[in-house]
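**Student:** Taking the working numbering as reference, the numbering of the sequence shown is continuous, increasing by one, and the terminal residue is 144.
Ideal Cβ placement from N, Cα and C applies to all residues, glycine included.
Computed from a predicted structure; not experimentally measured.
Here it is, the structure, as structure tokens.
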Amino acid sequence: IVRDCWDIIMEHYEPSDLGEMVYDHLFRLAPNVASLFTQPRVYMAVKMGDMLGMLVSFADDPDNMKQQVSCLGLRHVKYRVRPHHIPLMGPVFMSVLSEAAGPDWTPEVEKAWGVVFSMVCESMSE
Numbered sequence: 019i020v021r022d023c024w025d026i027i028m029e030h031y032e033p034s035d036l037g038e039m040v041y042d043h044l045f046r047l048a049p050n051v052a053s054l055f056t057q058p059r060v061y062m063a064v065k066m067g068d069m070l071g072m073l074v075s076f077a078d079d080p081d082n083m084k085q086q087v088s089c090l091g092l093r094h095v096k097y098r099v100r101p102h103h104i105p106l107m108g109p110v111f112m113s114v115l116s117e118a119a120g121p122d123w124t125p126e127v128e129k130a131w132g133v134v135f136s137m138v139c140e141s142m143s144e
């Protein structure tokens with residue numbers, strides 16, 4: 019389900035477009051976290067899009083996803099990301115993906131992505 023949704027979204031967006039949308043939404047929701055991001059916005063959007071693509075590629079392999087995301091979590095400690103920042107991201111991702119998927123965002127799709135982002139938040143917090 020996650021892969022199918024991603025494929026539909028990729029018909030209309032580039033991964034970096036989604037990265038831009040994620041940062042737009044995040045900074046509207048929590049403007050105080052903007053200071054944690056020191057790289058150019060375009061670079062960050064590309065990296066965020068790549069990360070979303072990575073999550074999709076591991077959607078059917080939760081153990082490998084957890085390993086990759088745990089490594090990502092360790093890097094984010096260096097970026098001064100604190101544990102209370104992590105839960106912000108799930109709703110941000112869900113909002114962006116639902117907007118991008120449009121009418122293809124169904125309760126079933128929402129549930130599948132919710133499972134992915136629950137694993138991400140859990141693994142990032144370990």
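#1: Roughly how many angstroms lie between the CA atoms of I19 and E144, to the nearest whole one?
#2: Compare the beta carbon distance of H43 and V114 with 8 Å and say whether it is the shorter of the two.
#3: I need the DSSP call for R59, collapsed to helix, strand or coil.
#4: For a minimum of 4 consecutive residues, which ranges assigned as the alpha helix (DSSP H) are wholly contained in the segment 30-112?
#5: Taking the Cβ atom as the reference point for each residue, do F111 and F135 lie within a distance shorter than 8 Å?
#6: May I ask which residues mark the beginning and end of the alpha helix (DSSP H) holding E140?
#7: Following the continuous alpha helix (DSSP H) through I26, name the residue where it begins and the one where it ends.
#8: Within its chain, find whatever has a CB closer than 7 Å to the CB of D68; leave out the 5 residues flanking it on each side and keep chain order.
#9: So, is E38 buried or exposed, given that buried needs 16 or more other C-beta atoms within 10 angstroms?
#10: Return the Cβ separation of R98 and L36 in integer angstroms, given the expectation that the two are a contact with Cβ distance under 8 Å.
**Tutor:** If we stick to the structure as given:
#1: Start at 1 with the first residue of the sequence shown, and residue 19 comes out as number 1. Start at 1 with the first residue of the sequence shown, and residue 144 comes out as number 126. Answer to the nearest angstrom: the Cα atoms are 27 Å apart.
#2: Your numbering for residue 43 matches position 25 in the sequence shown. Your numbering for residue 114 matches position 96 in the sequence shown. Yes, the pair counts as a contact, with Cβ atoms nearer than the cut-off.
#3: Taking the first residue of the sequence shown as position 1, residue 59 is located at position 41. R59: helix per DSSP, three-state reduction.
#4: As far as the segment 30-112 is concerned, its whole alpha helix (DSSP H) runs of at least 4 residues are 33-47, 59-75 and 80-96.
#5: Sequence index remark: in the sequence shown, residue 111 carries index 93 (1-based). Sequence index remark: in the sequence shown, residue 135 carries index 117 (1-based). For F111 and F135, yes; Cβs fall inside 8 Å.
#6: Sequence index remark: in the sequence shown, residue 140 carries index 122 (1-based). P125 to S143 is the span of the alpha helix (DSSP H), which, as asked, contains E140.
#7: Counted from its first residue, the sequence shown places residue 26 at position 8. Per DSSP, I26 belongs to the alpha helix (DSSP H) from V20 to M28.
#8: Counting from 1 along the sequence shown, the entry for residue 68 is found at position 50. Contacts found: P33.
#9: If you number the sequence shown from 1, residue 38 lands on position 20. Flag for E38 reads buried.
#10: Taking the sequence shown and counting its residues from 1, one reaches residue 98 at position 80. Taking the sequence shown and counting its residues from 1, one reaches residue 36 at position 18. Actually they do not touch by this definition, with Cβ atoms about 24 Å apart.
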